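Below is one structure, written out as C-alpha cells; the observations come after it.
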Amino acid sequence: MVGEVTVRMSSKIGRNESCWCGSGKKYKKCHEQFDEKIAFIKSQGHEVPDRSIIKTPQQIECIRESCKINIAVLDYVAEHIRAGMTTQEIDDLVAQKTAELGAIPAPLHYEGYPKSVCTSINDVVCHGIPSEKVVLKDGDIVNVDCSTIYKGYFSDSSRMFCIGNVSPEKKKLVDVVKECVEIGLEKVQPWSFLGDMGQAVHEHAVANGYSVVREIGGHGVGLAFHEDPWVSYVSKAGEEMLLVPGMIFTIEPMVNMGTEKVFVDKEDDWTVYTADHQPSAQWEIMVLVTEDGHEVLCY
Ligand code: MF3
Ligand code: CO
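Heads up, the sequence shown is in my numbering, so the first residue is 543 and it goes up one at a time.
Right under this line is the structure:
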C-alpha cells in the first residue's frame with residue numbers, strides 16, 4: 543500500500559512541486575515539457591526510457607568519479623601489458639590498482655564470475671577468464687574489459703591491446719572496430735534513437751568485410767552494472783530506444799573477422815568464442831547523452 547502511494551507520487555508530480563531531477567526548481571519550470579515530449583514520442587509507438595534510467599546531474603557527477611578510476615585502471619594495464627605475461631597477472635594489476643584507488647572491480651563474483659576483469663584473446667569474443675595458464679604471446683590481440691564500482695556507482699569500458707608484432711589483418715580488425723565505435727558515437731544525440739547508432743556501427747563493420755555479434759550487446763550503466771536499455775549493434779536507424787539527455791550506456795560492439803556465430807565454453811560457462819575460431823575484437827566506451835549531443839565518460 544505504501545509502495546503504491548510512492549509509485550503514484552513519483553510518477554505524477556504536481557506542477558508546483560520540485561522536479562524529480564533534484565534541481566530544486568518547480569516541475570513546471572524544469573522537466574515537465576521534457577516528460578511530455580517523451581510521452582508524445584511513446585504515443586507514436588517508439589520505445590522510450592523510463593525515468594529510472596535518466597540520471598540526475600548529481601548522479602552523473604558520482605558516475606564520472608567512477609569512470610575516472612576505470613580509465614586510470616585501464617591506463618595502468620596499458621603501461622604494463624606485454625608478451626610473456628599471463629592473463630592472471632592482468633587480473634592482479636586490475637585488482638591492485640582498483641583497490642589502491644578505493645574502488646571495487648565489478649566483475650568479481652558478478653553472477654558467479656571468478657575474476658576482477660575479462661581478458662579475451664584472438665578468437666575469444668568476450669568474457670575470457672584470466673588464468674595462470676594463459677600467456678600473452680607475440681602477435682596476439684587481447685581485449686581487457688574493466689568494470690568498476692566506486693561509492694556504489696558503476697563504470698565499464700574496454701580496450702584492445704596488440705601484443706608485439708600483430709599481423710596486418712588482425713591490426714586492421716582492431717582499428718576498424720575502434721572506428722565503428724567512433725562512427726556510432728557520432729549518432730548519439732538527444733531525441734535520436736539507439737538504432738541510429740547501431741546501424742552506423744554495423745554498416746562500417748560490414749563495409750570492411752566483417753560481421754557483428756548479435757547475441758551479446760551493450761547496456762545502460764551507472765546506478766547498476768547492467769541497466770536498460772539493452773544495446774544492439776545490428777539495429778536499424780529510427781528503431782530501438784529514444785535517446786534523451788541524462789541517459790548513459792555503453793557502445794561495445796564485438797566484431798568478427800569471419801562468421802558472426804559464437805558459442806559459450808561448456809566447461810567454464812563464460813568464455814565466448816567465434817564459431818570458426820577466426821579473430822574477434824571489441825572496444826567499449828561509456829557515453830552520456832547531453833542536451834546538445836554526447837559526452838564520453840570512459841574509454
Ligand atoms: N564488462 C562486461 C560488459 O561490458 C560484462 C562482464 S560480466 C563479467 O558488460 F562477469 F564477465 F565480468
Ligand atoms: Co559493458
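In this text, a Cβ means the ideal position worked out from N, Cα and C, and glycines have one as well. As the structure is a prediction and not an experimental result, all values here were calculated from the model.
Quiz item: For F735, which residues does DSSP report across the bridge?
Solution: Residue pairing by DSSP places F735 opposite L784 in a beta bridge.
Exercise. Tell whether a beta-carbon distance below 8 Å holds between E724 and V755.
Key: Their beta carbons are not under 8 Å apart, which means E724 does not touch V755 by this criterion.
Practice problem: Would you check if the segment 788-805 and the segment 739-753 touch, i.e. whether three or more CB-CB distances between them fall below 8 Å? | Solution: Touching, yes.
Quiz item: Where do the ends of the beta strand (DSSP E) carrying Y692 lie?
Solution: Unbroken beta strand (DSSP E) run through Y692: 683-692.
Exercise. Can you tell me which of S699, K714, I671, N798 puts its alpha carbon nearest to the alpha carbon of V838?
Key: A check of alpha carbon separations from V838 across S699, K714, I671, N798 identifies S699 as the nearest.
Self-check item: Secondary structure, beta strand (DSSP E): runs of 3+ residues fully inside the segment 704-776
Solution: Those beta strand (DSSP E) runs which fall completely within the segment 704-776 and span 3+ residues are 760-762, 769-773.
Quiz item: If you measure from the CB of H669, is any heavy atom of ligand 2 nearer than 7 Å?
Solution: Taking the Cβ of H669 as the reference point, every heavy atom of ligand 2 lies at 7 Å or farther away.
Quiz prompt | Distance between I595 and K679 (C-alpha atoms, nearest Å) | solution = Each residue's CA atom was taken as its position, placing K679 and I595 some 41 Å apart.
Practice problem: May I ask whether a heavy atom of ligand 3 can be found less than 7 Å away from the beta carbon of D687? | Solution: Ligands in the displayed structure: ligand 1 and ligand 2; ligand 3 is not one of them.
Quiz item: In three-state DSSP terms, what is G654?
Solution: Correct three-state label for G654: helix.
Practice problem: Pick out whichever of V814, Q586, P599 has its Cα sitting closest to the Cα of C561. | Solution: Comparing Cα-Cα distances from C561 to each of V814, Q586, P599, the minimum goes to P599.
Quiz item: If you measure from the CB of G694, is any heavy atom of ligand 2 nearer than 7 Å?
Solution: Checking the Cβ of G694 against ligand 2 gives no.
Quiz item: Going by Cα to Cα distance, which pick from N798, E781, I555, P821 is closest to Q586?
Solution: The shortest CA-to-CA distance from Q586 to any of N798, E781, I555, P821 is the one to E781.
Self-check item: Per-residue burial, H573 [other beta carbons within 10 Å of its own, 16 or more giving buried]
Solution: Buried, by the Cβ-count rule.
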